[in-house]
Ligand SMILES: Nc1ncnc2c1ncn2[C@@H]1O[C@H](COP(=O)(O)OP(=O)(O)OP(=O)(O)O)[C@@H](O)[C@H]1O
Ligand SMILES: O=c1ccn([C@@H]2O[C@H](COP(=O)(O)O)[C@@H](O)[C@H]2O)c(=O)[nH]1
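Residue numbers (the UniProt record's numbering): 1 to 238.
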């Protein structure tokens, strides 16, 4: 069997990557395709922690939030990530995987509250841990939460699964002439303002020396290819 490149990973799933071709929400086929990939790498022996976004349900800073108080809108965004986390747990369990949700905001009737030692224990037991509610603070994003939890869980790498297949010279959805990087340094990504991830998240990963792989989760076997160290997506490194 091929060698694993990473033993413990922080997988960032964007909310939008759960929509499939729907305009918003969670597409059943898409979430099942995603969790099958997650279970496959977990079965290979990779410890998987997940941070999920909320953009498919609510984006706090969006136009829809209009004149709302920013912090209130951001709390609504965090609640959206809790819904996605619960959906992911259900989907994982429906295919026989063991998963736990820990929320950065206390809501004890529906999820455990984030506790680092317990989360590490779950990972060591081979359970998939889904972190909900981002950092628990407004004015942040789930990319930053992913960098934070990745650092706290001592993950070998952060894997940013999204609906584009890597980092491009410009947003590929807006500029069809943009080309994909195979690898890029943190400094370059920040300097060139490559908007695939926010600068706070890049900066935290750079400081912790935690590489990032940005890849497209829609592609069959993409996650497995990444953990086996095959050429997939874009590597961000120091
Ligand atoms: N230079 C770039 N390379 C690749 N993607 C880019 C770039 N600049 C902007 N993007 C955009 O970044 C997006 C990837 O981010 P992602 O899908 O994770 O969104 P998010 O806002 O982090 O997640 P969520 O949907 O949960 O809010 C893509 O949709 C892509 O269009
Ligand atoms: O730590 C956090 C994480 C998220 N938010 C709010 O939630 C939404 C959805 O998160 P995405 O990263 O965009 O998927 C985000 O727009 C924020 O409004 C937050 O406040 N704090």
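For glycine and all other residues, C-beta sits at the position ideal for the given N, C-alpha and C.
It should be emphasised that the depicted structure is a prediction, and the values quoted were computed from it without experimental measurement.
Spatial distance of residue i from residue j (CA atoms)
i: residue 124; j: residue 212; result: 22 Å
i: residue 216; j: residue 168; result: 12 Å
i: residue 127; j: residue 47; result: 7 Å
i: residue 172; j: residue 179; result: 8 Å
i: residue 70; j: residue 134; result: 16 Å
i: residue 54; j: residue 77; result: 6 Å
i: residue 80; j: residue 143; result: 15 Å
i: residue 196; j: residue 176; result: 16 Å
i: residue 7; j: residue 29; result: 28 Å
i: residue 130; j: residue 33; result: 17 Å
i: residue 14; j: residue 68; result: 23 Å
Boundaries (first-last residue) of the beta strand (DSSP E) holding residue i
i: residue 216; result: 211 to 216
i: residue 158; result: 157 to 162
i: residue 47; result: 47 to 52
i: residue 130; result: 128 to 132
i: residue 103; result: 99 to 103
Buried versus exposed call for residue i [16 or more other C-beta atoms within 10 Å across all chains shown]
i: residue 232; result: buried
i: residue 154; result: exposed
i: residue 193; result: exposed
i: residue 84; result: buried
Residue span of the alpha helix (DSSP H) that contains residue i, given as start and end
i: residue 90; result: 70 to 94
i: residue 59; result: Careful: residue 59 lies outside any alpha helix (DSSP H) and carries neither H nor E.
i: residue 224; result: 222 to 227
i: residue 235; result: Residue 235 -> not in any alpha helix (DSSP H); beta strand (DSSP E) instead, spanning 234 to 237.
i: residue 42; result: 28 to 43
Assumed close pair residue i, residue j - CB separation to whole angstroms, cut-off 8 Å
i: residue 204; j: residue 148; result: 7 Å
i: residue 17; j: residue 161; result: 6 Å
Handout entry: the region 181 to 189 touching the region 103 to 120, judged by at least three CB pairs closer than 8 Å
Key = Contact fails between the region 181 to 189 and the region 103 to 120, because fewer than three Cβ pairs, one in each stretch, are under 8 Å apart.
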